[in-house]
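The block underneath contains the structure these notes are about, expressed in structure tokens.
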Amino acid sequence: MNRLHAVLAALREGPGYVSGAAIAARLEISRTAVWKYVKQLEGLGYRLEKVKGKGYQLTETPDRLYPWEIDRRLTTRYMGRNVIYRDRADSTNGIAFKLALDGAPEGTCVVAETQSAGKGRLQRPWVSPYAANLYLSVVLRPKIHPSQVYPVTFLSSLAVYDTVRAYEIDPKLKWPNDVLVGGRKICGTLLELSTEADAVRFVIVGIGLNVNMRQNEMTEEIRTKATSLALEAKKVFERAQVCGILLANLERYYDLAKKDGLKAICGLWEEKARIKGTYLEVVQPERVFRGVAEGIDTEGALLLNQEGTITRIIAGDVTF
Ligand code: BTN
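FYI, in this note's numbering the residues of the sequence shown are 1010 to 1329.
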């Protein structure tokens, strides 16, 4: 913990006012240094009340994804224990990719308050308004063949599914990588990978979870198709807390995949998505498939029964 975080922790210990002298004595720094850290905290958006003779009282914590704010909410062993924070990024996936190339350890995660070039699936942009949602990219280094990587996306969707449920909102999983609420998209995952010979070097799991986004922050394009936790629950969420819960769920599913294999993750996804026996339409740029879902295979492909013939589909947009 650096000094700034130590001052913040001391202020949080409260309750009520904490004297500058007490903080200074505890951290073995001068009262002027305490005052400088207090100014720095104010610059970061924290609000403090200062009363002569009493000291400081923390009255407001900004809703920012500062690494120390996420850390307070973490219960994980390695997932999110190394957080890289950006106020503004082009794409958190791009930053995580570069860090992974430089050897960033498994569980490293990149968060940003906004993205100027957020990437969605199929070359679509990902709408990323400032300080509204979670834009998160996690480095994983699974010991698998590149052909087995796809189910990692299910692992991410399952973690998001459980996170949304933790707030008593009822989500639905949509193949291949979406989480919906009330028929509207609340989250998507974009995997990017680096491979060598017959092995995966690393996977970047890019998660965009709409947390506090309001209708007026959405583009025309997504306004009728997207939702957020706040729109569903009609209240504002603390994003660092949502992030902590999500990372804990991600670690749990990833540990399970390491123990029982990604096949087990496919099974869980299939079960929670309740996909078997549902009538689906899958749209690809050149064609449309219609049929009854038989489930997914161990490589994550959708198996569609079209009047007795099973078609294996590896990409596309599903409508129910
Ligand atoms: C989709 O189209 O459903 C996938 C969306 C993935 C968006 C996230 S936001 C964090 C990470 N950084 C990116 O540029 N994209 C992913």
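Idealized CB from N, CA, C, for every residue including glycine. Computed from a predicted structure; not experimentally measured.
In the DSSP assignment, GLU1058 falls within the beta strand (DSSP E) that extends over 1056-1060. Relative to TYR1087, the option among GLY1304, GLY1253 and THR1328 whose CA is nearest is GLY1253. As DSSP reads the structure, SER1028 sits in no beta bridge.
Per the Cβ contact rule, the region 1156-1172 is in contact with the region 1246-1262 (3 or more Cβ pairs under 8 angstroms). The closest CA to that of ALA1302, considering only LEU1108, GLN1315 and ALA1033, is found on GLN1315. In the DSSP annotation of this structure, the continuous segment of the alpha helix (DSSP H) that includes LYS1267 starts and ends at 1248-1269. For ILE1216, the beta-bridge partners assigned by DSSP are LEU1145 and THR1198. Nearest neighbour of LYS1243 by Cα position, chosen from ALA1208, VAL1297 and GLU1177, turns out to be GLU1177. With fewer than 16 other Cβ atoms from the protein chains shown falling within 10 Å of its own Cβ, ARG1296 counts as exposed.
For VAL1169, the closest alpha carbon among the candidates VAL1158, LYS1181 and PRO1160 is that of LYS1181. Of the heavy atoms belonging to the ligand BTN, at least one sits nearer than 7 angstroms to the Cβ of LYS1128.
A distance below 8 angstroms between beta-carbons, with the five flanking residues on each side excluded, links ALA1235 to the following residues of its chain, in chain order: VAL1136, ARG1193, LYS1194, ILE1195, ASN1219, MET1222 and MET1227. The C-beta distance from THR1068 to LEU1050 rounds to 12 angstroms, too long to meet the 8 angstroms contact threshold. Annotation for THR1041: the continuous alpha helix (DSSP H) segment containing it runs 1040-1052.
ASN1186 sits in coil when the DSSP states are folded into three classes, being neither helix nor strand. Around the beta carbon of THR1198, 16 or more other beta carbons lie within 10 angstroms, which makes this residue buried. Annotation for THR1328: GLU1290 place their beta carbon closer than 6 angstroms to its own, counting only its chain and skipping 5 residues before and after. Counting every other CB atom within 10 Å of its CB across the protein chains shown gives VAL1060 a total below 16, marking it as exposed.
Ranked by Cα distance from LEU1202, the first of ASP1099, TYR1075, LEU1143 and ILE1153 is ILE1153. In the DSSP assignment, GLU1069 falls within the beta strand (DSSP E) that extends over 1064-1069.
Between GLU1280 and GLN1157, the C-beta gap is not smaller than 8 angstroms, which leaves the two residues out of contact. A Cβ-Cβ separation of about 4 angstroms places GLY1215 in contact with ASN1102 under the 8 angstroms criterion.
According to DSSP, SER1203 shares a beta bridge with PHE1211.
Here ILE1305 is buried: its Cβ has 16 or more other Cβ atoms, across all protein chains shown, within 10 Å.
In the structure shown, LYS1281 falls within a helical segment according to DSSP collapsed to helix, strand and coil. Checking the 7 angstroms criterion, the Cβ of TRP1135 is within range of a heavy atom belonging to the ligand BTN. For the options LEU1312, GLY1270, GLY1025 and SER1028, the alpha carbon positioned closest to that of PRO1151 is the one of GLY1270. Apart from sequence neighbours up to five positions away, the residues of its chain that approach ALA1140 with a beta-carbon distance below 6 angstroms are GLU1122, ordered along the chain.
Taking 8 angstroms as the upper bound for CB-CB distance, PHE1211 and LEU1149 are in contact here, some 7 angstroms apart. DSSP links GLU1290 through a beta bridge to ARG1299 and THR1328. TYR1170: member of the alpha helix (DSSP H) spanning 1161-1175, first to last residue.
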